[in-house]
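Have a look at the structure below, then the notes.
Numbering (my numbering), first residue to last: 3 to 301.
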């Protein structure tokens, strides 16, 4: 096919394709995925924060020397169930004087005035690795710690930890189900949007086919157009998502504490790729469909 013919058919292929509505629809669909993905990321980070604060309180016997206390700390650090790494340390020493001041500050009651002494004990707060958060492991850990010489008692809030484990499992199942439903819905929405948009181009596609244009020559401009629309929609959805996260962070300052910037960037990249891939595949299938239809079926 010579250059004048190519130019003529290229102009015809453009036709009255609804660019704005297609980009707008894909953008909204990707933005919906982005919002839900952001909620999943924040909920996961919140779960990590909660799990990071699962601690066993190790109360020490009275009148231990500093050397004995340091030895107990070293023994605890060597345990495989103690959380490794972290900025605040996995084991924190709390003296009975510090514990008394904190109790008085929180309750407003100076119990030492009534009792004449401080009945509290020196203690270690030990962060437990998430792999050992199940009930049986924590029970074993409690018994193991209490065997350490100089330890009076090990304690953890059993009901709270059980509740955390149960709720995390339920939330995980619900989120996985919603993610699957949302992804299928969004793919179908984008696919139908592209198909409806190309419906207005069906006679132009057939005209090119009748004059001998090759299949790839017909599909190529539509595929390039789909890549551009998918990329543009992906960028717009990322911009909208960035604006939403920034606004939410200014209104709720605590969100910054559980913000995982790296995962948010990965989500943005996923939106861009999803927009391009889904739009391109939908366009390829739609154009292929109109190439296969007979003239009567186009009406």
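Idealized CB from N, CA, C, for every residue including glycine. None of these values were measured; they are calculated from a predicted model.
Taking the alpha-carbon of residue 286 as reference, which of 193, 239 and 260 has the nearest alpha-carbon? By alpha-carbon distance to residue 286, the top candidate from 193, 239 and 260 is 193.
Below 7 Å CB to CB, which residues in the same chain sit around residue 308 once its five sequence neighbours on both sides are set aside? Residue 308 lies beyond the stretch modelled for the chain, which goes from 3 to 301, so this question has no answer here.
Give me, in chain order, the residues of the same chain whose beta-carbon lies closer than 7 Å to that of residue 48; leave out the 5 immediate sequence neighbours on both sides. The residues are 260.
Verify the CB distance criterion: does residue 93 have a CB-CB separation below 8 Å to chain C? No chain C is part of this structure, which consists of one protein chain only.
What does the Cβ neighbour count give for residue 264, buried or exposed, with the cut at 16 atoms within 10 Å? Under this definition residue 264 is an exposed residue.
Do you know offhand how far residue 5's Cα is from residue 227's? Because the pLDDT of residue 5 is 49, which lies under 50, any placement of that residue in the model is unreliable, and the number read from its coordinates should be weighed accordingly. Computed Cα separation, rounded: 21 Å.
C-alpha distance - residue 245 paired with residue 164, whole-angstrom precision: The straight-line gap from Cα to Cα measures roughly 37 Å.
Stretch-stretch touch, CB-based, cutoff 8 Å, three pairs: the region 128-146 with the region 72-84: Cβ pair count under 8 Å is three or more, so yes.
Just how far apart, CA to CA, sit residue 220 and residue 183? Cα to Cα, residue 220 sits roughly 34 Å from residue 183.
Suppose the cutoff is 8 Å on Cβ atoms and the five residues either side in sequence are ignored; what does the same chain contact list for residue 325 look like? Outside the displayed span of the chain (3 to 301) sits residue 325, for which this structure offers no information.
Between which two residues does the beta strand (DSSP E) holding residue 58 run? Note, residue 58: beta strand (DSSP E), 57-62.
When we look at the beta-carbon of residue 22 and count the other beta-carbons within 10 Å, is it buried (16 or more) or exposed? Exposed, since its Cβ has fewer than 16 Cβ neighbours within 10 Å.
Around the Cβ of residue 39, are there at least 16 other Cβ atoms within 10 angstroms (buried) or fewer (exposed)? So residue 39 ends up on the buried side.
Alpha carbon to alpha carbon, how far is residue 235 from residue 282? Distance between the alpha carbons of residue 235 and residue 282 is about 13 Å.
Quick check: residue 148 and residue 120, are their CB atoms within less than 8 Å of each other? Result no, Cβ atoms of residue 148 and residue 120 do not sit closer than 8 Å.
According to DSSP, is residue 127 helix, strand or coil? Here DSSP, grouped into helix, strand and coil, assigns residue 127 to strand.
Return the chain-ordered list of same chain residues with a C-beta closer than 8 Å to the C-beta of residue 229, the five sequence neighbours on each side being excluded. If we look at residue 229 and ignore the five residues flanking it on each side, its Cβ neighbours are 278, 281 and 282.
Can you give me the start and stop residues for the alpha helix (DSSP H) that residue 70 sits inside? Here the alpha helix (DSSP H) through residue 70 covers 68-79.
Runs of alpha helix (DSSP H) lying entirely within the region 80-122, each at least 4 residues, in chain order: Listed in chain order, they are 98-109 and 113-117.
By DSSP, does residue 221 sit in helix, in strand, or in coil? Residue 221 falls in the helix class under three-state DSSP.
Nearest-angstrom Cα distance between residue 191 and residue 276? A straight-line Cα-Cα distance of about 13 Å links residue 191 and residue 276.
Figure out for me which residue from 105, 44 and 188 has the closest Cα to the Cα of residue 284. For residue 284, the nearest C-alpha among the options comes from 188.
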